[in-house]
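Numbering (my numbering), first residue to last: 75 to 751.
We put the CB at the ideal spot given by N, CA and C, even for glycine.
Remarks on the structure that follows.
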């Protein structure tokens, strides 16, 4: 995966190459001697995306030139298009020109022409064939920029700004606009304070030749990995579900050319276990349909890339994997719910938008599976479906202009009656175990929350959810129980600034025999790790889930391979850590500040949602629980927990119940509503 689009996921799917903002401060301009020693580079004729050829020198500005190396597919590169368009417009009249160069071997002139039109680039773009200009300037990443002064000397090279902390991660507020600062200092005749920074983006796809390298490591010469034999099968098994034509992945991995083009990224992302996206620690909890890649498979990919990506004997290629473009369970859903069409702007922070969809059923329905079908996989990162029988979601929708309403960081703005499940890239629809279903109450509204990543241009989306009713007799319905520290929603929990490993604990005790069906960890940007266990009354422990490398962009629900029996008085325990230090590249506050519990991504949460069913058939579970029943279960489960003295616990539970009442009164705590309280 040499350049990566997100997605992201969505999903873009992706890696964790964390980069600091390491800089080189004022000194001799980088590469200046080499550029001046290569006049042929300056006069090189390049093919324009819109037709014809021009020398690079003919495009330079009177006072300066910005060369920006672009990719048609990299989401970070595309995400910067609005910023580059703005800079090109603002500085053109001051004698600075912006010029785009695409050095990627896999991108044709036709691709460039389409990309310029699709993203409405406001500056000229040229094909850097063979990456000659990029190589001359030691540029390896898109979208790296090189600022030349009027004498064609390099005076700044590196990132555009610091909004991205990692590939696949959401953009954050810009702390330092490096390129804009450098241009302003150049025009002012000042010494440029920072002349070089590290660029975060997608590696340039330079032309590659198969290397003749002797096998290394544990592989015998006759078993050197080749694409035709091993690699094609690994890509089919682990990657092509998303990375294929029409898939949610940002690029395809259908053939040898695709694999070679993205070889370095395939090796690095699998080695870091960023791809395939599977966050639980292997062996800690037993989950259905894990996307975990074995270390031996990762080693095979790494060795293949080290050996120059040999193709091997084409006769050994497996038959192409066949994918269905229809509903993945092989039958039409019993009902399909579609969000209103929504237009997402080109730039800005990620958006969590809830679309309220009435179900209008005349009775309760029992759901065994759902399938989410994003309308635009370029921008839909994940989807969560909440249920509301109180009308509060509709009220929130009516208070906001346009389709749906905006919330923050996974909270729907109201206390849900229940939920149907969710989706993230790579998730496949699965039936719940026989006899178990999710209740869709009569008259419920679905609040379909869609997490959007922006792509760098205006996008349109209309996401759908297909719902499958149980075909078997339903004996039990799941109940989603949040395990959270009560002091959090009460405002007593504060993550101190500059603490890189702040610990938060929470627990509750089950008041009856139950079975765990799934678990969903939830934290925000400061989250570091979370461990959830079940401590049984006899002292034994059942591991439910552990995530040692928390990533806010990859939040999923994990269904157990088999329901986990948890007898009465089992304590579910959660231990999590948060990194509120300046060294955390995901920290949205610079410098760090104390962080409270809250719905915004700049605030924090620490919740493990555990889906439970009664251990025995229970008719009461087949009806939607009343608010009184929900509160009784929640309060009783905390009252039975002996981790806090009884008097202190009674006061805490009373405050918590009052807090819930306030939230319900105000219809949730979406950001727009906070000001009106």
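For residue i, which beta-bridge partners are listed by DSSP?
{"i": "residue 538", "result": "412 and 447"}
{"i": "residue 671", "result": "678"}
{"i": "residue 459", "result": "495 and 522"}
{"i": "residue 651", "result": "577 and 603"}
{"i": "residue 119", "result": "129"}
{"i": "residue 554", "result": "685"}
{"i": "residue 598", "result": "DSSP lists no partner for residue 598."}
{"i": "residue 428", "result": "479 and 523"}
{"i": "residue 171", "result": "139"}
{"i": "residue 508", "result": "Residue 508 is not bridged to any residue."}
{"i": "residue 589", "result": "639 and 687"}
{"i": "residue 24", "result": "It is not possible to answer for residue 24, since the shown part of the chain is limited to 75 through 751."}
{"i": "residue 418", "result": "533"}
{"i": "residue 708", "result": "For residue 708, which the question treats as bridged, DSSP gives no partner whatsoever."}
{"i": "residue 608", "result": "616 and 646"}
{"i": "residue 344", "result": "None; residue 344 has no bridge partner."}
{"i": "residue 328", "result": "Residue 328 is not bridged to any residue."}
Report back the beta-carbon spacing between residue i and residue j to the nearest angstrom; my notes put them in contact at under 8 angstroms.
{"i": "residue 560", "j": "residue 712", "result": "7 angstroms"}
{"i": "residue 200", "j": "residue 121", "result": "6 angstroms"}
{"i": "residue 260", "j": "residue 223", "result": "6 angstroms"}
{"i": "residue 350", "j": "residue 313", "result": "7 angstroms"}
{"i": "residue 187", "j": "residue 123", "result": "5 angstroms"}
{"i": "residue 828", "j": "residue 581", "result": "The structure shown has nothing for residue 828, since the chain only spans 75 to 751."}
{"i": "residue 424", "j": "residue 525", "result": "6 angstroms"}
With distances taken Cα to Cα, identify the nearest neighbour of residue i among the options.
{"i": "residue 174", "options": "221, 136, 480 and 665", "result": "221"}
{"i": "residue 427", "options": "134, 327, 487 and 322", "result": "487"}
{"i": "residue 246", "options": "237, 252, 254 and 253", "result": "237"}
{"i": "residue 416", "options": "434, 208, 534 and 640", "result": "534"}
{"i": "residue 734", "options": "259, 564 and 207", "result": "564"}
{"i": "residue 411", "options": "277, 418 and 519", "result": "519"}
{"i": "residue 181", "options": "256, 529 and 278", "result": "278"}
{"i": "residue 158", "options": "460, 544, 390 and 172", "result": "172"}
{"i": "residue 138", "options": "192, 258, 250 and 678", "result": "258"}
{"i": "residue 676", "options": "531, 362 and 654", "result": "654"}
{"i": "residue 381", "options": "361, 355 and 301", "result": "301"}
{"i": "residue 666", "options": "673, 656, 660 and 553", "result": "656"}
Whole angstroms is fine: what's the gap from residue i's alpha carbon to residue j's?
{"i": "residue 162", "j": "residue 170", "result": "8 angstroms"}
{"i": "residue 149", "j": "residue 232", "result": "17 angstroms"}
{"i": "residue 683", "j": "residue 570", "result": "25 angstroms"}
{"i": "residue 576", "j": "residue 176", "result": "44 angstroms"}
{"i": "residue 671", "j": "residue 481", "result": "15 angstroms"}
{"i": "residue 281", "j": "residue 375", "result": "20 angstroms"}
{"i": "residue 615", "j": "residue 471", "result": "44 angstroms"}
{"i": "residue 330", "j": "residue 336", "result": "10 angstroms"}
{"i": "residue 706", "j": "residue 513", "result": "19 angstroms"}
{"i": "residue 108", "j": "residue 265", "result": "Here residue 108 scores only 44 on pLDDT, less than 50, and its place in the model should not be relied on; the value that follows carries that caveat. Those two C-alpha atoms are separated by around 21 angstroms."}
{"i": "residue 134", "j": "residue 212", "result": "20 angstroms"}
{"i": "residue 629", "j": "residue 720", "result": "35 angstroms"}
{"i": "residue 516", "j": "residue 438", "result": "5 angstroms"}
{"i": "residue 568", "j": "residue 116", "result": "56 angstroms"}
{"i": "residue 491", "j": "residue 624", "result": "28 angstroms"}
{"i": "residue 446", "j": "residue 537", "result": "7 angstroms"}
{"i": "residue 495", "j": "residue 522", "result": "10 angstroms"}
{"i": "residue 145", "j": "residue 697", "result": "53 angstroms"}
{"i": "residue 593", "j": "residue 209", "result": "48 angstroms"}
Using DSSP with H/G/I as helix, E/B as strand and the rest coil, what is residue i?
{"i": "residue 289", "result": "With a pLDDT of 44 at residue 289, under the threshold of 50, the predicted position of this residue should be treated as unreliable, and no value is reported."}
{"i": "residue 479", "result": "strand"}
{"i": "residue 776", "result": "Lying before the first or after the last residue shown, residue 776 is absent from the chain, which here runs from 75 to 751."}
{"i": "residue 138", "result": "strand"}
{"i": "residue 302", "result": "helix"}
{"i": "residue 632", "result": "strand"}
{"i": "residue 439", "result": "strand"}
{"i": "residue 529", "result": "coil"}
{"i": "residue 735", "result": "helix"}
{"i": "residue 642", "result": "coil"}
{"i": "residue 501", "result": "coil"}
{"i": "residue 569", "result": "strand"}
{"i": "residue 621", "result": "strand"}
{"i": "residue 159", "result": "helix"}
{"i": "residue 223", "result": "strand"}
{"i": "residue 453", "result": "coil"}
{"i": "residue 277", "result": "strand"}
{"i": "residue 200", "result": "strand"}
{"i": "residue 152", "result": "helix"}
{"i": "residue 514", "result": "strand"}
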